[in-house]
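Heads up, the sequence shown is in the working numbering, so the first residue is 566 and it goes up one at a time.
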Amino acid sequence: MVIVGAGHAGGRAAQALREFGWTGPVMMIGAEPHLPYERPPVSKGLLTGEQTPERCQLMSAVDLDRLQVSQVVAWVERIDPVRRELWLTGGPQQARRRIDYEALLLATGGHLRRLRVPGAEAVGIIGLRTLDDAARLAPRLQPGARVLVVGGGFIGLEVAASARQRGCEVLLLEAGERLLGRAVPAALAADVLALHRAQGVEVRLGCAPTAFALAGDGRRRVQLDDGSEWRADVIVAGIGIEPAVELAREAGLAVGRGISVDATLATSAPGIFAAGDVAEFPGVQDGRPMRHESWHNAETQARVAAANLLGRGERLQALPWFWSDQYDHQIQVAGDPALGVRGVARALEGGARIDFHLDDAGRLVAASGFGPTSALAREFKLARWLLERGAQPGAKALADPGVRLRTLG
Numbered sequence: 566m567v568i569v570g571a572g573h574a575g576g577r578a579a580q581a582l583r584e585f586g587w588t589g590p591v592m593m594i595g596a597e598p599h600l601p602y603e604r605p606p607v608s609k610g611l612l613t614g615e616q617t618p619e620r621c622q623l624m625s626a627v628d629l630d631r632l633q634v635s636q637v638v639a640w641v642e643r644i645d646p647v648r649r650e651l652w653l654t655g656g657p658q659q660a661r662r663r664i665d666y667e668a669l670l671l672a673t674g675g676h677l678r679r680l681r682v683p684g685a686e687a688v689g690i691i692g693l694r695t696l697d698d699a700a701r702l703a704p705r706l707q708p709g710a711r712v713l714v715v716g717g718g719f720i721g722l723e724v725a726a727s728a729r730q731r732g733c734e735v736l737l738l739e740a741g742e743r744l745l746g747r748a749v750p751a752a753l754a755a756d757v758l759a760l761h762r763a764q765g766v767e768v769r770l771g772c773a774p775t776a777f778a779l780a781g782d783g784r785r786r787v788q789l790d791d792g793s794e795w796r797a798d799v800i801v802a803g804i805g806i807e808p809a810v811e812l813a814r815e816a817g818l819a820v821g822r823g824i825s826v827d828a829t830l831a832t833s834a835p836g837i838f839a840a841g842d843v844a845e846f847p848g849v850q851d852g853r854p855m856r857h858e859s860w861h862n863a864e865t866q867a868r869v870a871a872a873n874l875l876g877r878g879e880r881l882q883a884l885p886w887f888w889s890d891q892y893d894h895q896i897q898v899a900g901d902p903a904l905g906v907r908g909v910a911r912a913l914e915g916g917a918r919i920d921f922h923l924d925d926a927g928r929l930v931a932a933s934g935f936g937p938t939s940a941l942a943r944e945f946k947l948a949r950w951l952l953e954r955g956a957q958p959g960a961k962a963l964a965d966p967g968v969r970l971r972t973l974g
C-alpha cells in the first residue's frame with residue numbers, strides 16, 4: 566500500500582491500515598521532513614509558545630517502526646494508473662526510482678495561495694501551513710511588532726489572535742464585506758469581528774493591499790486600496806489553499822475543485838483513492854460535491870480510505886464539523902448552514918450562543934456556535950448529537966435555554 570502525502574490524513578490512514586489487519590508493506594511519501602502532524606496548532610499554539618512541534622505529532626518514530634510503516638521524504642513525479650506504479654525523485658537515494666503499488670491513497674493536501682500584488686516577492690511575506698512556516702513566523706511575533714495579516718478567514722484570524730496574545734500591533738485586512746466569507750452565518754461573523762476589535766486588532770473590511778515595498782527603516786511599506794499606507798514588521802498571508810491535484814490530473818484522474826471521489830473516496834481510476842483537504846466528495850447531507858479543510862475531515866476520511874484500500878466498501882457518514890480557537894473563545898460549526906432556511910438562536914450561560922439551522926421541513930441541518938470555550942463546548946457537543954440523530958426539534962424548544970438539549974433527540 567502506498568500513501569502519497571505524509572500529513573494528517575496520510576498518517577492516520579497508515580495507522581488505520583494496520584488497525585484493520587493489513588500486514589503487507591505500507592509506504593508513506595511526503596515532501597516535508599517531519600513525522601505526520603496535526604495542523605491546527607500551526608496557527609495557534611506553535612505561535613504563542615503553548616505547544617511544541619513534538620506535541621503536534623500524530624506518531625513518533627518509535628510508533629512508525631512498531632507499525633512497520635516506511636516514511637520516505639521525496640517527491641512523486643508521476644503516477645501510471647494502468648501499470649499501478651509511480652515514480653519518485655529525491656529522498657535518501659536522491660535518484661529517480663519506480664514504486665509499484667497494490668492500492669494508492671492520494672492525501673496530498675494543498676498549496677498556499679500567493680498574494681498577486683506588486684512587490685509581494687520582495688518583502689518576505691509569510692504563508693502559514695507547515696511546521697516550518699510556524700517556526701519562521703513565531704520568533705518575529707515580538708511585543709510591539711507591527712503585524713499585517715491579509716485575509717479574514719480562519720487562519721488569518723487565528724494568526725491575528727496569536728499575534729495579539731504575544732503583544733503585537735495587528736492590522737487585519739479582508740477584501741470581502743465580512744469575515745469568514747460564507748463559512749459561518751453572518752451573525753456569527755459579526756460576533757467574531759467584535760471580539761477581535763475588542764482585543765485590539767484593527768480590522769478593515771472591504772480593503773486589500775495594492776503594493777508592497779521595503780522601507781528605509783527596515784519595515785515593509787504597504788499601500789492599501791483605501792488610499793492609506795501602513796508600515797509592517799511582519800506580513801502574513803492567510804488567503805487559503807489550492808488543492809494539490811497536479812499529480813491526479815496528469816495521471817488522467819477526474820478533477821473538479823479537488824480530486825473527484827465517490828462516497829467510498831474512490832477516484833475515477835481503479836485502485837486509487839483520495840482523502841483529506843484534496844478530495845472533492847459528495848456531501849453526506851445533500852450529495853453536493855464539496856471539499857472540507859478540517860481536522861475532523863482528515864481524521865474521518867483517513868479511516869474510510871484505509872478501509873477501502875482493503876476492499877471493504879465503506880461509505881462516508883460523518884457530517885462536517887470544524888472549530889477554531891481565538892483568544893479564550895471558540896467557533897464551532899457542524900453540518901452545512903447553507904442548507905438551512907430558518908435560524909433559531911439559543912443563548913447559553915457565560916455569554917455563548919448556538920444558532921440552529923433548520924430546513925423547510927423543520928429538520929436540523931446545521932449548528933453554529935460562538936462564545937467562551939468553557940461555556941460553549943459541552944452544549945455544542947449535544948447540538949452535534951442532535952444533528953447526527955437527524956432530529957426535528959421544535960424551534961421554540963431549541964430557543965429555550967430551560968429545555969435541555971438532550972431531551973430533544
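C-beta atoms are modelled at their ideal positions from N, C-alpha and C, and glycine is treated no differently.
In summary, Thr865 is buried, with 16 or more beta-carbon neighbours lying within 10 Å of its beta-carbon over all protein chains present.
Leu779 counts as exposed, since fewer than 16 other beta carbons sit within 10 angstroms of its beta carbon. Contact check for Ala931 against Gly908 fails: the beta carbons are separated by 7 Å or more.
Per DSSP, the beta bridge partners of Asp665 are Glu650. Straight-line spacing of the CA atoms in Arg796 and Arg747 works out to 30 Å. Looking from the CA of Val849, the closest CA among Pro774, Trp886 and Pro605 belongs to Trp886. Looking at Ala660, Leu669, Pro708 and Ile806, the one whose alpha-carbon comes closest to that of Ser859 is Ile806. Taking the Cα of Gly817 as reference, the smallest distance to any Cα among Ala834, Phe838 and His922 is reached at Ala834.
Thr695 and Asp965 have their alpha carbons spaced roughly 43 Å apart. With respect to the C-alpha of His573, the residue from Gln636, Ala672 and Ile644 having the closest C-alpha is Ala672. In this structure, the straight-line span from the alpha carbon of Pro598 to that of Asp827 is close to 31 Å. With 16 or more other Cβ atoms from the protein chains shown falling within 10 Å of its own Cβ, Phe921 counts as buried. Per the DSSP secondary-structure output, Pro937 pairs in a beta bridge with His894. The beta carbon of Ala819 sits closer than 6 Å to the beta carbons of Ser825 and Ser833 from its chain, once the five residues preceding and following it are set aside; these are given in chain order. In the three-state scheme derived from DSSP, where H, G and I count as helix and E and B as strand, Ser833 is classed as coil.
Contact between Ala725 and His761 holds, since their C-beta atoms are separated by about 6 Å, short of 8 Å. Between the alpha carbons of Leu875 and Glu953 lies a distance of about 27 Å. Taking 8 Å as the upper bound for CB-CB distance, Ile568 and Leu653 are not in contact here, some 13 Å apart.
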